[in-house]
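**Student:** The structure under discussion is supplied below as structure tokens; questions concerning it will follow.
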Amino acid sequence: MSDFKILVLISGKGSNLISLHEHADRYNISAVISNNPTAEGLLYAKKHKIPVYPFSRSDFSSMSTFKDAIYQKVLQLKPDLVVLAGFMQIIQPQFVEAFYGRMINIHPALLPKFPGLDTHTRAIAAKEPTHGCTVHFVNTGIDSGPIIAQAECALSVEDTPESAAAKVLKEEHRVYPWVVKNIATGDISLVEDKVLYSPDLRRDAALKGFKIG
Ligand code: GRF
């Protein structure tokens, strides 16, 4: 097992956590943190003996002390990479700055299109022929950090937000472990706000149908 330690932050179902775990040959999931103590993904992590740290807003007097407790736990765990996987909380600037280049997110749209919430409804309303997901480094903006990779799927007039979400999730489950693996091996890195790729990676991305910068 690799000693590259990733820390996964979740809020809900955790299907990306599951996919990351199933593909963890070049990295290991050292722990899972959730800002929602009833997140379904925590059950999966516990079942697979991954240490979990659930946080509950009701245990804290303010949003900022709640967020700070999560941040302190992240610092204590010393991950090589922080992986946001359906973590529905805006990360405070101090946390983002400390982990810039070592924290990634997956967003269910082809950024820069549709940052923020309700991406599937908005993509359908805009009659987009294609939709998909984007993995990016986290910066202090909303879904605006340097883009690492995108995976696309077709969208049709028949699609509902639910069917679009299912198609996009399928792509998320392929591209997220691929990106994490390649960060772990040093084939993807961030240098002065620019995402760099090793020469072989372009071929591999093309084979898998992923778009990289
Ligand atoms: C995914 O669509 C992800 O892109 C978004 O939230 C959803 C999380 O799904 N940020 P899951 O909890 O990994 O199943």
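Under this note's numbering, the residue at position 179 of the sequence shown is numbered 178, and the numbers go up by one with no gaps. The C-beta atom is built at its ideal place from N, Cα and C for all residues, glycine as well. Since we're looking at a predicted model, the values are computed, not measured.
Report the residue ranges of all alpha helix (DSSP H) runs contained in full by the region 18-106; include only those spanning at least 4 residues, in chain order.
**Tutor:** 39-46, 62-76 and 92-97
**Student:** Kindly give me the distance between the Cβ atoms of V179 and V82, rounded to whole angstroms, as I take these residues to be in contact under 8 Å.
**Tutor:** That pair is a contact at about 6 Å.
**Student:** Checking 8 Å against the spacing of the C-beta atoms, do F113 and A122 come in under that value?
**Tutor:** yes
**Student:** Looking at L109 and the ligand GRF, is the gap between the Cβ and the nearest heavy atom below 7 Å?
**Tutor:** no
**Student:** Can you tell me where the alpha helix (DSSP H) holding I141 begins and where it ends?
**Tutor:** Unbroken run through I141: none, as it is neither H nor E.
**Student:** When burial is assigned at 16 or more other CB atoms within 10 Å of the CB, is L8 buried or exposed?
**Tutor:** Label assigned to L8: buried.
**Student:** Considering only residues of the same chain and omitting the five flanking positions on each side of N27, which have a CB-CB separation below 8 Å?
**Tutor:** M0, S1, D2, F3, K4 and I5
**Student:** What does A150 pair with, by DSSP beta-bridge criteria?
**Tutor:** C132 and F209
**Student:** So does the region 102-119 actually touch the region 38-58, counting three or more Cβ pairs closer than 8 Å?
**Tutor:** no
**Student:** Starting from V194, trace the beta strand (DSSP E) both ways and give me its first and last residue.
**Tutor:** K193 to Y196
**Student:** Evaluate T133 with the Cβ neighbour count: other Cβ atoms within 10 Å of its Cβ, from every protein chain shown; 16 or more gives buried, anything less gives exposed.
**Tutor:** buried
**Student:** Using CA coordinates, which residue listed in A125, D192, N104 and Q91 is at the minimum distance from Q149?
**Tutor:** Taking only the C-alpha atoms, the option nearest Q149 is N104.
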